Amino acid sequence: MENKFFKKRKIVRINDILSCLNLDKKNKNFRVNDIKDLDLANKNDISFFNSKKYLHFLKKTRSDLIIVEKKNINLLPKKKNFIEVSNVLLSVSKVTNLFYPEALEDCFDSSATPLVKKNYVKLDAGLNILVGKNVKIGKNCSIGHNTIVEKNVKIGDNCKIGSNVILKNTIVGDNTNILDGAIIGKKGFGFYPGTNKNIRYPHIGKVIIGNHVEVGCNNTIDRGSLSDTIIGDGTFLDNQIHIAHNVKIGKNCIITGQVGFAGSSSIGNRVMIGGQAGISGHLKIGDNVKIGGGSGVIKDIPSNSKVMGYPAKNIRIFLKDNR
Amino acid sequence: MENKFFKKRKIVRINDILSCLNLDKKNKNFRVNDIKDLDLANKNDISFFNSKKYLHFLKKTRSDLIIVEKKNINLLPKKKNFIEVSNVLLSVSKVTNLFYPEALEDCFDSSATPLVKKNYVKLDAGLNILVGKNVKIGKNCSIGHNTIVEKNVKIGDNCKIGSNVILKNTIVGDNTNILDGAIIGKKGFGFYPGTNKNIRYPHIGKVIIGNHVEVGCNNTIDRGSLSDTIIGDGTFLDNQIHIAHNVKIGKNCIITGQVGFAGSSSIGNRVMIGGQAGISGHLKIGDNVKIGGGSGVIKDIPSNSKVMGYPAKNIRIFLKDNR
Amino acid sequence: MENKFFKKRKIVRINDILSCLNLDKKNKNFRVNDIKDLDLANKNDISFFNSKKYLHFLKKTRSDLIIVEKKNINLLPKKKNFIEVSNVLLSVSKVTNLFYPEALEDCFDSSATPLVKKNYVKLDAGLNILVGKNVKIGKNCSIGHNTIVEKNVKIGDNCKIGSNVILKNTIVGDNTNILDGAIIGKKGFGFYPGTNKNIRYPHIGKVIIGNHVEVGCNNTIDRGSLSDTIIGDGTFLDNQIHIAHNVKIGKNCIITGQVGFAGSSSIGNRVMIGGQAGISGHLKIGDNVKIGGGSGVIKDIPSNSKVMGYPAKNIRIFLKDNR
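Residue numbers (the numbering used here), protein chains in the order written: chain Z, 1 to 323; chain R, 324 to 646; chain A, 647 to 969.
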């Protein structure tokens with residue numbers, strides 16, 4: 001699928017990539033289509049491998065051009081082309097920037113102008129609403145006062161958006177509520193730490209919010225870097241929740257106040273998480289998992305488990321240890 | 324006391340209630356006045372019993388019509404009328420909705436219009452303030468820029484409301500400060516979880532904030548479902564605190580940044596809570612309790628205790644265990 | 647350096663100070679220049695000593711007039727003048743209020759008016775921006791919609807300020823980004839707890855943010871009471887972080903989402919803090935420290951340590967204890 005939100009450079013060749021990484025150019029200067037995660041890449045896309053957590057994706061990836069560090073080259077499937085670099089994340093940042101030169105910075109949307117109510121079907125609109133370019137709003141929606149719907153947002157039917165909300169680079173399903181003060185779709189907290197100056201990382205992903213979802217007050221949901229941040233159908237989020245870039249939350253989850261998700265974690269369906277719990281990055285939480293309030297989850301949790309504690313463990317053990 | 328904020332259906336009879344619960348109708352179709360918590364209900368109000376935590380309220384309730392599950396029928400005082408249901412919370416949700424058909428959804432207030440300064444006495448008003456219907460603002464107040472005072476709000480004298488604040492269904496006492504970005508009075512995170520779609524729960528309660536209170540920046544304080552969420556006189560709340568529906572906080576408490584309260588907990592007077600602590604739902608914290616920063620409180624705490632830890636225990640034991 | 651943000655009373659004499667503390671006046675009614683922390687005070691400034699944590703500052707202070715409680719008088723360097731009081735913090739609050747009568751309350755800035763874009767060099771300005779008196783904005787900046795830059799703010803060159811941001815009493819360096827919904831520069835959560843009414847504490851400090859800094863969405867950063875709250879060059883802050891008054895954060899730190907800092911703590915350079923960690927007040931965290939997500943830090947941490955846990959300890963011990 002074409003990335004409709006960020007403008008992609010039309011033609012990128014392998015030599016452009018090598019050049020932006022300060023590497024020697026190749027004889028065969030073939031064309032590269034896009035940069036994508038291993039599991040989403042097609043044959044002509046460049047991808048990257050940085051952590052053994054994603055070895056199963058590496059083995060099945062369709063990408064034929066992979067950015068990799070020396071120590072991991074032996075893990076690549078045979079016959080794959082690769083680019084050896086000294087720092088994968090920094091290199092991915094540079095290559096993404098090559099493809100999407102406009103996705104690096106994350107300024108406010110200066111294209112936004114006051115909403116014109118008659119452009120939408122049965123919209124209940126508050127005062128002082130601003131709307132950017134490339135915005136679609138379904139029928140029977142309500143949008144509160146002072147809300148800013150920046151460019152590249154699609155809202156489904158029967159949605160209720162509160163006041164003081166900021167939306168950008170986001171797709172919202174039908175019958176979904178987004179409460180006051182939520183900020184959705186800004187770039188994630190991803191960058192290459194530099195000694196004098198951190199190098200910001202382009203974020204070309206979106207936030208995709210399903211149907212019948214509720215997003216609480218003052219939530220912050222960041223968009224993905226290469227792939228998307230996803231909130232599944234029927235999931236309810238309480239107030240002051242933080243969801244970092246590339247997190248995927250399944251369907252019918254119930255997430256209580258002040259919970260935080262670090263980047264790239266994947267949460268199953270029907271997961272219940274108590275208040276103030278934290279989920280570390282790059283974890284996989286199964287279906288029907290219950291996580292007690294205040295827990296700190298630092299490893300994968302299989303489906304149908306109940307955990308609590310910091311670090312989180314089986315809830316029976318936690319309660320026994322703390323009797 | 325009449326609920327002045329949400330419009331109540333004038334006449335509700337027992338047969339209307341049975342009908343909305345899909346139960347057989349009764350011969351005697353008497354009139355029911357309102358739906359209320361056990362401790363607040365009068366003889367003609369319907370109430371409900373769902374947790375043994377509230378057995379002491381059940382024994383003393385004036386309500387003569389109680390919604391209850393089969394397993395708890397034997398706990399009812401003799402001679403009480405009851406309605407047996409398979410799920411109390413879902414039934415209460417339906418009956419509340421029958422009484423208060425407008426309290427289910429929680430849209431922005433489309434009745435709000437730009438504030439007219441001369442309507443108020445000695446008001447120091449910022450720019451772009453919006454005010455809904457049924458709003459009272461006392462004398463000598465200040466209200467910052469972009470603040471939205473939705474319908475059904477009463478603010479006392481000498482209050483200082485910051486900028487970007489959203490208030491709804493809230494009563495504020497005298498000499499109280501509400502700082503920038505606070506969102507007060509939205510419906511609580513209460514609903515009946517459905518497999519495909521969660522059923523939202525009507526919230527007909529208010530937020531009641533006392534005199535000489537300070538509410539910090541970006542706080543979220545939800546209104547109660549049947550009864551109110553209450554912040555007592557002289558209590559100070561730091562930034563980024565989340566207070567769920569039906570929480571009662573006593574007088575002269577000091578609550579530090581990022582603390583979270585789950586629903587229906589009751590906090591005594593002069594309680595001090597350190598940063599990032601969390602209080603589980605339906606707990607009773609006594610007077611003069613000190614709770615260390617980062618604690619997770621999961622059971623009742625008697626007055627005059629000092630606790631810390633996750634789960635919270637006597638602070639001397641916590642410090643000894645962690646020496 | 648003169649405090650340019652809060653108006654100082656021109657002439658304060660020792661007898662004014664004694665009088666505001668209800669103490670007997672002195673024969674020699676010499677003039678006092680200002681009230682400052684021990685380490686920043688000059689010979690003619692009044693200062694105060696309240697905690698043995700600051701004994702090293704007491705020994706080197708240039709101040710010759712120190713507010714102190716009886717139990718600590720013997721710790722004062724010989725020949726220092728002192729004022730004995732029964733409660734240092736309450737007395738400092740009163741004396742600060744004597745010097746800075748306008749710094750006690752923290753109302754919205756009623757001097758703010760709609761931004762006039764042409765007053766600034768190459769400013770990319772959103773809609774509905776308000777700007778107070780004594781505001782300087784450098785060249786090549788962008789400021790999002792609905793943002794309020796209250797009086798006493800200086801923003802450097804090439805800064806990107808988001809939408810719905812509130813800035814006051816803040817100095818921002820060059821090339822710094824402040825994301826949507828951040829609230830920076832309000833008074834800290836410092837007051838003298840009273841039995842019926844808390845007595846607010848004047849906050850005459852600023853927030854000073856360095857160059858190449860990023861401040862995340864919905865962050866709250868309070869200004870200092872006597873000295874300043876400082877965020878060093880190159881430091882990146884994720885979303886929903888709370889930084890209390892007088893905190894000093896060094897250079898090139900990486901602070902992840904929902905972290906909280908209690909008042910007056912000092913963080914070194916290149917410190918990395920995982921999500922939801924909390925740092926207690928008045929602590930000293932060294933350089934290159936790594937603090938795991940969810941940790942609760944309650945004592946000083948030397949440079950180059952890795953800690954995790956609640957309370958935080960050596961990360962190897964934490965992981966071993968929790969294997």
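All residues carry an ideal CB built from backbone N, CA and C; glycine is no exception.
Computed from a predicted model, the values in this text were never measured in an experiment.
Beta-carbon spacing of residue i, residue j below 8 Å
i, j, result
"Z:Leu127", "Z:Ile137", "no"
"R:Lys571", "R:Ile596", "no"
"R:Leu381", "R:Leu412", "no"
"A:Cys666", "A:Val741", "yes"
"R:Lys483", "R:Ile494", "no"
"A:His891", "A:Gly851", "yes"
"Z:Asn33", "Z:Asn22", "no"
"A:Gly909", "A:Ala923", "no"
"Z:Pro193", "Z:Leu104", "no"
"A:Gly802", "A:Asp820", "yes"
"Z:Asp64", "Z:Lys78", "no"
Endpoints, the beta strand (DSSP E) within which residue i is located
i, result
"A:Ser693", "692 to 694"
"A:Asp662", "Note, A:Asp662: premise wrong, no beta strand (DSSP E); alpha helix (DSSP H) at 660 to 666."
"Z:Phe82", "81 to 85"
"Z:Leu65", "65 to 69"
"R:Lys383", "R:Lys383 -> not in any beta strand (DSSP E); alpha helix (DSSP H) instead, spanning 378 to 383."
"Z:Asp222", "220 to 222"
"A:Ile877", "875 to 877"
"R:Ile506", "506 to 509"
"R:Ile564", "Element bounds for R:Ile564: n/a, residue is neither H nor E."
"A:Thr816", "816 to 818"
"R:Lys459", "458 to 460"
"R:Val630", "629 to 632"
Local Cβ density within 10 Å of residue i, reported as buried at 16 or more and exposed below that
i, result
"R:His379", "exposed"
"Z:Met1", "Confidence at Z:Met1 is low in this model, with a pLDDT of 49, below 50, so its placement is unreliable and the value that follows should be read with caution. That one is exposed."
"R:Pro634", "buried"
"Z:Val134", "The residue asked about is misnamed: residue 134 of chain Z is Asn in this sequence, not Val. Classification of Z:Asn134: exposed, given that the 10 Å Cβ count is below 16."
"R:Arg646", "exposed"
"A:Gly942", "buried"
"R:Ser409", "exposed"
"R:Arg332", "exposed"
"A:Asn810", "buried"
"Z:Lys320", "exposed"
"A:Ile719", "exposed"
"Z:Thr195", "exposed"
"A:Ile963", "exposed"
Opening and closing residue of the alpha helix (DSSP H) in which residue i lies
i, result
"R:Thr419", "411 to 422"
"R:Ile638", "638 to 644"
Proximity test, residue i beta-carbon vs the ligand FAD heavy atom, cut-off 7 Å
i, result
"Z:Lys160", "No copy of the ligand FAD appears in this structure; indeed no ligand is present at all."
Contacts around residue i, its chain only, beta-carbon distance under 6 Å, and the 5 residues preceding and following it disregarded
i, result
"R:Gln563", "Asn541, Gly580, Gln581"
"A:Val861", "Ile824, Ala828, Leu883"
"A:Val975", "Nothing about residue 975 of chain A can be read from this structure; chain A reaches only from 647 to 969."
"Z:Lys151", "Asp109, Ser111, Gly132, Lys133, Asn134"
"Z:Ile327", "The question about residue 327 of chain Z has no answer here: the residues shown for chain Z are numbered 1 through 323."
"R:Arg354", "Arg336"
"Z:Ile184", "Leu167, Thr170, Val207, Ile221"
"R:Asn521", "Phe514"
Beta-carbon proximity list for residue i, same chain, < 7 Å, skipping 5 on both sides
i, result
"R:Lys348", "Asn338, Leu341, Ser342"
"R:Val454", "Ala435, Thr436, Leu438, Val472"
"A:Lys833", "Asp752, His849, Asp868, Arg869"
"R:Asn463", "Lys445, Asp480, Asn481"
"R:Phe329", "Tyr423, Glu425, Ala426, Ile527"
Close Cβ partners of residue i (< 8 Å) along its chain, the five nearest in sequence each way excluded
i, result
"A:Asn960", "Ser951, Lys952, Val953"
"A:Lys1002", "The question about residue 1002 of chain A has no answer, for chain A in this structure spans 647 to 969."
"A:Leu722", "Phe695, Leu704, Ile712, Val714, Phe728"
"A:Asp933", "Gly896, Gly914, Asn915, Arg916, Val917, Ser949, Asn950"
Evaluate the contact criterion for the segment 547 to 561 of chain R versus the segment 530 to 537 of chain R: three or more CB pairs, one atom per stretch, below 8 Å.
yes
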